[in-house]
Amino acid sequence: MTGFLILAFLILLAGVLAVPLATRLGLGSVLGYLLAGMAIAPLLAALSVDVEALQVFAEFGVVMMLFIIGLEMEPKRLWAMRGKLAGLGGGQVVLTTLVLTGIALLADQPWQTALAVGMVLALSSTAIIVQTLTEKGLMRTQGGEASFSVLLVQDVAVIPILALVPLLALPELASLATSHGEGGAHSGIDLTAPMSIWVAAATRVGAVAAVIAIGIFAIRPLFRYIARANLRELFTAAALVVVIGIALLMSLVGLSPALGAFIAGVVLATSEYRHELESDINPFKGLLLGLFFITVGAGIDFGLAATIWDSVLFWAAVTIAAKMAVLLVVGWLYGLRRQALWLFCLSLPQAGEFAFVLIAFGVANAVFAPEFAAQLLLIVALTMLVTPLLFIAYDKLIAHAYCAGQGDREADAIDEDNPIIIAGRGRVGGIVDRMLDASGHRATVIDYNSEHLEVLKKFGVSTYYGDATRPDLLASAGIERARILVVALDEREQIDKLVRYACANFPQLHVVARAKDRDHVYHLWAMGCRDIVRETYDSSLRMGRSVYEALGFDRQSAIAMVEAFETMDRTSMRDVADTYRLDIPAYENEELLAKIRELKAEWDPKLREAMDEIAARGR
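Numbering (our numbering) for the sequence shown: 40 to 658.
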């Protein structure tokens with residue numbers, strides 16, 4: 040027990056000290072974790088800690104991360120990305136494998152080893168890339184989506200790579216392979232190993248289908264059952280059961296656990312439990328990912344690196360340069376340009392965390408000599424270590440170059456102190472801002488779309504760049520002294536996050552929130568917001584008025600009929616909203632359903648009577 044406590048204390052302390060420092064220096068959290076791991080490596084060695092085994096445990100953070108990403112990606116959006124998946128992802132994996140194989144052949148490696156090296160190094164680090172893109176708010180950009188598409192294809196590509204590696208075995212390494220076991224700490228049970236190729240393939244397809252079926256038919260009833268207990272810890276436990284169970288199923292059939300978790304997340308993306316699942320899984324994901332990066336840093340063999348540092352440095356540089364060249368070609372052919380192309384190229388040139396698995400697998404199957412594998416592990420670790428520096432180069436050079444003047448714009452240190460703050464200056468927030476400006480009222484406007492802001496700047500519109508859900512940015516905008524906060528963001532998750540924070544921490548603040556639909560209105564009402572505007576409501580009323588006029592009613596009668604409907608609808612909505620609960624779906628809230636039935640029975644006859652009276656006057 041004492042040993043475990045010492046280990047936990049060292050790891051957590053290293054992360055707590057290194058990550059804030061790295062973040063403050065602009066290095067990012069990922070590099071902070073890697074440096075923390077490198078700093079405590081001697082202590083872990085002195086304590087005889089099996090870093091590789093710890094890393095296997097920490098890799099589950101990647102699984103959780105892919106599950107959360109899946110929750111944020113509805114099936115229709117994934118379908119819309121099919122071109123990127125096939126063109127970008129497939130092109131990158133194939134071309135990178137061929138190029139790196141060719142380089143390895145030039146280095147006098149046997150063609151079997153060369154091909155294995157090409158496949159291993161063709162994969163990139165999902166953990167580092169997704170974490171960094173999310174931190175920097177680049178995931179939804181063109182370059183970010185392109186990078187993520189490639190990562191998804193790479194996860195799928197692991198399957199044929201695992202099937203091909205044993206076929207590349209070298210007879211002269213057979214004796215060494217047996218002595219190294221079956222892949223070390225990364226090995227596991229694969230029920231498809233003794234099966235024929237076609238039976239194994241069918242089994243794996245069946246496993247994927249099972250994950251989809253479980254997500255559609257089993258998980259929702261499970262969470263409804265758990266929700267009735269009204270115990271938050273049970274819901275958290277159930278969320279972990281789902282993720283771990285799906286990862287286990289994928290592992291048993293030789294598939295990537297991360298891929299299975301992603302598929303399950305996509306299936307549940309339209310579920311009413313999506314936000315609850317995300318909030319329950321997120322803390323575990325963050326801790327395990329941090330632990331994973333620390334183990335990568337701690338796993339670097341500094342003794343070996345000191346003796347062959349020139350060779351490791353050279354081949355790491357060659358790997359990064361070769362992958363960037365391929366990414367540049369593939370991205371250009373697909374249509375990426377300017378800033379998006381550079382983000383794509385600088386995001387993916389490193390080797391990935393799955394390389395550790397494949398290298399161990401290659402040694403166990405007589406493809407890599409142990410000495411060569413040790414050198415390859417150092418190359419992988421170094422490329423991963425360099426990746427955060429490439430993102431820094433992107434921020435300081437590329438983004439600055441393509442967004443002229445953006446670097447002069449104060450994003451996190453807003454120098455205005457206006458009584459009104461507008462979060463989001465798109466098609467909704469932009470109109471509100473123009474209306475306020477026309478009446479002589481100045482607002483502090485914040486938006487995270489840098490390209491859109493550059494266009495606005497050309498028209499003389501002043502807008503601050505940044506994520507309006509960040510408390511520090513809101514503080515610099517003077518939210519403590521502001522009278523009104525207009526929440527005009529596009530994404531429901533961001534709206535919910537900002538409204539929840541503002542209503543909980545600034546009760547004196549008048550929050551005007553944009554809602555996506557009726558259910559979203561109830562949701563925001565339950566958070567404490569009392570001024571909510573459905574984004575399509577007023578336009579729907581205007582369309583209804585036009586229909587009335589087309590039916591032959593005069594304009595005044597049509598307006599009166601619309602007003603009668605609106606009065607009934609808004610009044611009944613407030614009554615229903617008071618019964619809405621955040622912890623259960625609306626269709627399971629018996630009090631809410633009863634209130635709707637009661638109001639419908641009361642209001643429908645009254646509304647029909649009012650409409651008939653107006654119609655009689657207007658004919």
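Glycine included, each C-beta is placed from N, C-alpha and C at the ideal position.
Given a length threshold of 3 residues, the stretch 102–142 has no whole run of the beta strand (DSSP E) inside it.
For the pair of segments examined, the stretch 333–347 was found not to touch the stretch 141–157: the number of CB pairs separated by less than 8 Å stays below three. Restricted to the stretch 581–641, the alpha helix (DSSP H) segments that are unbroken, complete and at least 4 residues in length are 594–616, listed in chain order.
DSSP places I431 within a helical segment (H, G or I) once states are collapsed to three. About 6 Å separates the beta carbons of A303 and F106, which is inside the 8 Å limit, making them a contact pair. Comparing alpha-carbon positions, the option among V406, F393, V101, A514 lying closest to V419 turns out to be F393.
In this structure, V102 lies near A297, with their beta-carbon atoms less than 8 Å apart.
By the criterion of a C-beta distance shorter than 7 Å, K324 is surrounded in its chain by G100, M103, M104, I107, once the five residues flanking it on both sides are discounted. Contact between the stretch 458–478 and the stretch 423–436 is absent: fewer than three C-beta pairs spanning the two stretches fall below 8 Å. Closest in C-alpha terms to V305, from the list S318, I255, L261, comes I255.
In terms of Cβ geometry, V189 and G128 form a close pair [threshold 8 Å]. Proximity to P458 across P409, A412, I518 peaks at I518, based on C-alpha coordinates.
Sixteen is the threshold: since fewer than 16 other Cβ atoms of the shown chains lie within 10 Å of the Cβ of Q595, the residue is exposed. Out of D577, I45, L327, Q181, the CA that lies nearest to the CA of Q378 is found in Q181. For H549, the uninterrupted beta strand (DSSP E) run begins and ends at 549–554, by DSSP. Here I168 really is in contact with S186; their C-beta atoms are around 6 Å apart, less than 8 Å. Listed in chain order, the non-local C-beta contacts of V195 below 7 Å within the same chain comprise L298, local neighbours out to five positions each way being set aside. In the DSSP assignment, V351 falls within the alpha helix (DSSP H) that extends over 348–373. Contact fails between the stretch 320–337 and the stretch 284–297, because fewer than three Cβ pairs, one in each stretch, are under 8 Å apart. The C-beta distance from A337 to L83 rounds to 5 Å, short enough to meet the 8 Å contact threshold. Annotation: the stretch 264–350 contains the following complete segments of the alpha helix (DSSP H) (minimum length 4 residues), in chain order: 271–291, 296–306, 313–337, 341–346.
In the DSSP assignment, R481 falls outside any alpha helix (DSSP H), carrying neither H nor E. Its chain contains no residue whose beta carbon lies nearer than 6 Å to that of A543 once the 5 sequence neighbours on both sides are disregarded. Residue A527 holds the alpha-carbon nearest to the alpha-carbon of D472 among A527, L56, L380, I45. In the displayed model, A80 falls within a helix according to three-state DSSP. From the listed residues V58, A202, A361, L144, the smallest Cα separation to G401 is found for A202. Under the DSSP assignment, A257 falls outside any beta strand (DSSP E); it carries neither an H nor an E label. For G183, the closest of L172, G245, M600 by C-alpha to C-alpha distance is L172. One thing to note: I485 has its Cβ within 8 Å of the Cβ of G505. The closest CA to that of P322, considering only A61, T275, R569, I523, is found on T275. Between the stretch 49–61 and the stretch 402–417, the count of Cβ pairs shorter than 8 Å is below three; the stretches do not touch. With a threshold of 16 other beta carbon atoms within 10 Å, S579 falls short and is exposed. Fewer than three pairs of CB atoms, one per stretch, sit closer than 8 Å, so the stretch 595–607 makes no contact with the stretch 616–623. Its Cα nearest to that of A248, the residue A300 stands out among D511, M234, P233, A300.
For D511, the secondary structure class from DSSP, reduced to helix, strand or coil, is helix. The beta carbon of C384 is closer than 7 Å to those of M363, L366, L367, G370 in its chain, skipping five residues each way along the sequence.
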